[in-house]
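For the sequence shown, the positions run 67 to 593 when this note's numbering is used.
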Amino acid sequence: MKLDATASQPPSGDTATVPFNANWNLDKGRTWTYQGSLAMTKASGDWRVHWQPEDVHPKLSAQQSLALTVVQPDPAPVLDRDGAPLLAPTPVIGIAVDRKQTPDLNAVATALAAALNKFDNSITAQSIIDGATKTPDGQAYSVVNLRDSDYQSVKAQIHELPGVTFATQSQLLAQNKSLGPQFLSTLRTAVNAQVAGAAGWHVVTKDAAGTTVADLAGKDPQPATSLTTTIGTGIQAAAQNAIAGVQQPAAIVAMQPSTGEILAVAQNAPADAQGLIALTGQFPPGSTFKIVTGVSALEAGKVTLDGPLPCPGKTTIDGRVIPNENEFDLGTVPLRTAFAQSCNTTFSQIAAGSLTSQQLADTAKQMGIGADFTVPGVVTVTGSVPVPTSTVERAEDGFGQGKDQVSPFGMALVASTVVKGSIPTPTLIRGTETKVNTPAQQPVPGPVLDSMRQMMRAVVTDGTAKAIRDIPDVAGKTGTAEFGDGKNSHGWFVGYRGDLAFAVLLVGAGTSSPAVVVGGNFLRAVK
67 MKLDATASQP
77 PSGDTATVPF
87 NANWNLDKGR
97 TWTYQGSLAM
107 TKASGDWRVH
117 WQPEDVHPKL
127 SAQQSLALTV
137 VQPDPAPVLD
147 RDGAPLLAPT
157 PVIGIAVDRK
167 QTPDLNAVAT
177 ALAAALNKFD
187 NSITAQSIID
197 GATKTPDGQA
207 YSVVNLRDSD
217 YQSVKAQIHE
227 LPGVTFATQS
237 QLLAQNKSLG
247 PQFLSTLRTA
257 VNAQVAGAAG
267 WHVVTKDAAG
277 TTVADLAGKD
287 PQPATSLTTT
297 IGTGIQAAAQ
307 NAIAGVQQPA
317 AIVAMQPSTG
327 EILAVAQNAP
337 ADAQGLIALT
347 GQFPPGSTFK
357 IVTGVSALEA
367 GKVTLDGPLP
377 CPGKTTIDGR
387 VIPNENEFDL
397 GTVPLRTAFA
407 QSCNTTFSQI
417 AAGSLTSQQL
427 ADTAKQMGIG
437 ADFTVPGVVT
447 VTGSVPVPTS
457 TVERAEDGFG
467 QGKDQVSPFG
477 MALVASTVVK
487 GSIPTPTLIR
497 GTETKVNTPA
507 QQPVPGPVLD
517 SMRQMMRAVV
527 TDGTAKAIRD
537 IPDVAGKTGT
547 AEFGDGKNSH
557 GWFVGYRGDL
567 AFAVLLVGAG
577 TSSPAVVVGG
587 NFLRAVK
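Take a look at the structure:
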């Protein structure tokens, strides 16, 4: 606070009045100015302020105090690509405990936990006691925010508990709680600052009971404008429904290859428990990586679409025995057939005998694996393919084992690259710019990708994904990816239909067959 005295009135005996201009710096660009006056008295030859509340501000009275209140605006909604709300300001009831007003904290905490644990299983009597105990005096410990419908269902159990307070506020919440809760929660955290608007503030006087008496100055909050995402609610719902009944952790990512727009990020509850694995999880890609190996060999001129290649039941490369699934043996077949039937032996031999370690790693980058993006709204990790250090490593990498690691997002990007012809730059929030943090890659030649598209179509019409060949125009690649001690496998299905690319991952599913079924259910539901 800064006081600048102005011309004072002539003193009257031992009293005088000194006008002033007050200037308060309230931080964050908030300034409060007003005019007042000080009552002065003369004692022992010295003039002193005879302090009264009105000396601080003309409207401040006895037993009152000044307070700064910050008024948060309602956040702006977050919309899907068609303008429907994904996240919208929703009234919630904040439930808090003031331990100083709670005669028996243990009893209150036990009662609260019994009522609230069904909404958040981390809420226990002990967590409430610990939180309330650590909260500074004069402040209440925030236990949870509930939607009004949830609050009403437990109101009778908790409303009269001593020391428990209830405050209505607005919070950005999903309009459909089942529409990707982990993803929408992450999105809400990321965009909160962007949709929060500018907070308002008011300087008020309060009486001894803490009740506001007068509003002295301030500024109303300024709401932000809504954000529009690239998510399609229908596509998101189709993906979410497709994995809802899967017992293992499951995820689907869908993208629009022509634009790079992220259309859906779906996970089931077991996947949610592991974090946002759809965008950042790292898993061996299994035979879906044969897309990369095939492109690399075609680009190097080592193979052709219909050129004959051996597909034995198993092969040995520098002492490493590599089998096909159940050691199926196709003899000599065209490349497209080896790809459609997912011959591990064929692709390990291609990687070991026809490609250099650098070629395989470079092609992975050309297809988007290892690309690093700063995507406003989310964190993404595509994956990594280290340069193999031995022939065996290169052979293992060739069919998606070895040290290859990818996310569902990364494989959706690979499928998008096959469709578009170059790596699309992913986006999530319209009007924002994604930063590409890795060097630009030389696009794969068009004829090479034409061959890969034919091979991926054959997977669905005649190969390992023929269970969904009734769905028109789908192309893809299945993958069974061993992990750990090799006794368990993830199931993958990666592909596209028109301008929709997708990746399905079922963690620990054993084979790719369930992933194909899930992918089919997803595609049938997308209009």
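From the three backbone atoms N, C-alpha and C, an ideal C-beta is built for every residue, glycine too.
Note that the coordinates shown come from a computational prediction; the quantities given were computed from them, not determined experimentally.
With the cut-off set at 9 Å, would you say residue i and residue j are in Cβ contact?
i, j, result
"residue 465", "residue 392", "no"
"residue 510", "residue 476", "no"
"residue 448", "residue 473", "yes"
"residue 520", "residue 371", "yes"
"residue 546", "residue 556", "yes"
"residue 533", "residue 542", "no"
"residue 588", "residue 308", "yes"
"residue 573", "residue 316", "yes"
"residue 326", "residue 492", "yes"
"residue 571", "residue 344", "yes"
"residue 75", "residue 279", "no"
"residue 208", "residue 160", "yes"
"residue 100", "residue 91", "no"
"residue 569", "residue 323", "no"
"residue 274", "residue 137", "no"
"residue 559", "residue 582", "yes"
"residue 269", "residue 182", "no"
"residue 142", "residue 291", "yes"
Quick one: Cα of residue i to Cα of residue j, how far?
i, j, result
"residue 328", "residue 249", "12 Å"
"residue 438", "residue 508", "16 Å"
"residue 605", "residue 334", "Past the boundaries of the shown model lies residue 605; the chain is included only from 67 to 593, so the question cannot be answered."
"residue 518", "residue 235", "54 Å"
"residue 139", "residue 285", "11 Å"
"residue 220", "residue 320", "39 Å"
"residue 380", "residue 298", "44 Å"
"residue 97", "residue 67", "10 Å"
"residue 262", "residue 173", "37 Å"
"residue 585", "residue 311", "13 Å"
"residue 579", "residue 415", "25 Å"
"residue 256", "residue 318", "21 Å"
"residue 353", "residue 450", "16 Å"
"residue 351", "residue 435", "11 Å"
"residue 259", "residue 495", "14 Å"
"residue 156", "residue 150", "15 Å"
"residue 336", "residue 94", "43 Å"
"residue 385", "residue 402", "28 Å"
"residue 469", "residue 241", "41 Å"
"residue 455", "residue 444", "34 Å"
Would you grab the beta carbon distance between residue i and residue j for me? Rounded to a whole angstrom, and I think it's under 8 Å.
i, j, result
"residue 162", "residue 175", "That pair is no contact at about 12 Å."
"residue 288", "residue 330", "With 8 Å as the limit, residue 288 and residue 330 do not qualify as a contact, their Cβ atoms being about 33 Å apart."
"residue 282", "residue 123", "7 Å"
"residue 481", "residue 561", "6 Å"
"residue 189", "residue 210", "6 Å"
"residue 178", "residue 198", "Their Cβ separation, rounded to whole angstroms, is 10 Å, which puts residue 178 and residue 198 out of contact at 8 Å."
"residue 563", "residue 528", "Not quite, the Cβ-Cβ distance comes to about 17 Å (not below 8 Å), so this is no contact."
"residue 374", "residue 398", "5 Å"
"residue 363", "residue 421", "6 Å"
"residue 452", "residue 427", "7 Å"
Just reading off the alpha helix (DSSP H) that residue i is part of, what are its end residues?
i, result
"residue 597", "This structure gives no information on residue 597, because the portion of the chain shown stretches from 67 to 593."
"residue 426", "423-432"
"residue 91", "Careful: residue 91 lies outside any alpha helix (DSSP H), inside the beta strand (DSSP E) at 81-91."
"residue 579", "579-591"
"residue 380", "Careful: residue 380 lies outside any alpha helix (DSSP H), inside the beta strand (DSSP E) at 380-383."
What are the start and end residues of the beta strand (DSSP E) that includes residue i?
i, result
"residue 106", "97-109"
"residue 549", "540-549"
"residue 70", "68-71"
"residue 515", "Where residue 515 is concerned, there is no enclosing beta strand (DSSP E), although the alpha helix (DSSP H) it sits in stretches over 512-528."
"residue 115", "112-115"
"residue 485", "Here residue 485 belongs to no beta strand (DSSP E); instead the alpha helix (DSSP H) covers 474-486."
Report task. Only counting runs of 4 or more residues, tell me where the alpha helix (DSSP H) segments fall wholly within the region 164-220, in order along the chain. Result -> 171-182, 191-200
**Report entry** Those runs of the beta strand (DSSP E) which lie wholly inside the region 261-299 and span at least 3 residues
**Finding:** 266-272, 278-285
Query raised in the report: Of all the alpha helix (DSSP H) runs that stay within the bounds of the region 287-371, which reach a length of 4 or more residues?
Result: 299-309, 335-338, 343-346, 356-365
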